[in-house]
Amino acid sequence: MLLVLVTGMPVILLNMLLQSWVSIGCIRFYIKRFHHREGMIAGVLALFGIITIVLMGNLLQILLWGILFLWLGEFSTLKEAVYHSGVNFATLGYGDIVMSAKWKLFGVLEAVNGAMMIGLSGASMLAVLQHHIRKLLGQTK
């Protein structure tokens, strides 16, 4: 169990750093391009941009876990490793592909990591949406 934690923590920390960068990037993207724009189209484009940035960040995190699984020799192809990683990260838990007993706990570790990172992704999107709503209601400049 300790081996899984020691091996998985660098990936979790890297994902946390990446998600923090993506979240701040989303806010900067919104401020730079849409902060002073009015109307529904501006709101839709802003939210679409934020969703796209967040999605790319989450997919990159899934890829990082998949690369770890491939490096550990758990899967023979990157496609299979990334599929398994995506199932874990999204907390789906299909169970159609299971890692060896030695590394099985990575599923739990990645699911916890994914739940936190997807939650932060939602918070970034919500922050932009709330700001735009306040702007439409005339409560902010």
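Numbering (our numbering), first residue to last: 106 to 246. Backbone N, C-alpha and C define an ideal beta-carbon position, used for all residues, glycine too.
Sequence-distant residues of its chain with Cβ nearer than 8 Å to residue i (five each side left out)
| i | result |
| --- | --- |
| G204 | It should be noted that the sequence gives Met, not Gly, for residue 204. Cβ neighbours of M204 beyond the five flanking positions: F174, E179, H189, F211 and G212. |
| E185 | I202 |
Cα-Cα separation, residue i to residue j
| i | j | result |
| --- | --- | --- |
| A228 | T112 | 28 Å |
| F153 | K240 | 17 Å |
| W176 | L110 | 16 Å |
| V233 | L225 | 13 Å |
| M106 | L165 | 26 Å |
| M222 | Q235 | 20 Å |
| L242 | S181 | 54 Å |
| V149 | I155 | 10 Å |
| E215 | G130 | 23 Å |
| I158 | V127 | 7 Å |
| V187 | N218 | 15 Å |
Other residues of its chain near residue i: CB distance less than 6 Å, five sequence neighbours each side excluded
| i | result |
| --- | --- |
| V192 | Y199 |
Same chain, Cβ closer than 7 Å to residue i, five either side skipped, listed in chain order
| i | result |
| --- | --- |
| M161 | none |
Below 8 Å, can you find three or more Cβ-Cβ pairs linking the stretch 149-169 to the stretch 114-127? Flag = yes, the stretch 149-169 and the stretch 114-127 touch.
Any contact between the stretch 133-148 and the stretch 185-202? By contact I mean 3 or more CB pairs, one from each, below 8 Å. Cβ pair count under 8 Å is below three, so no.
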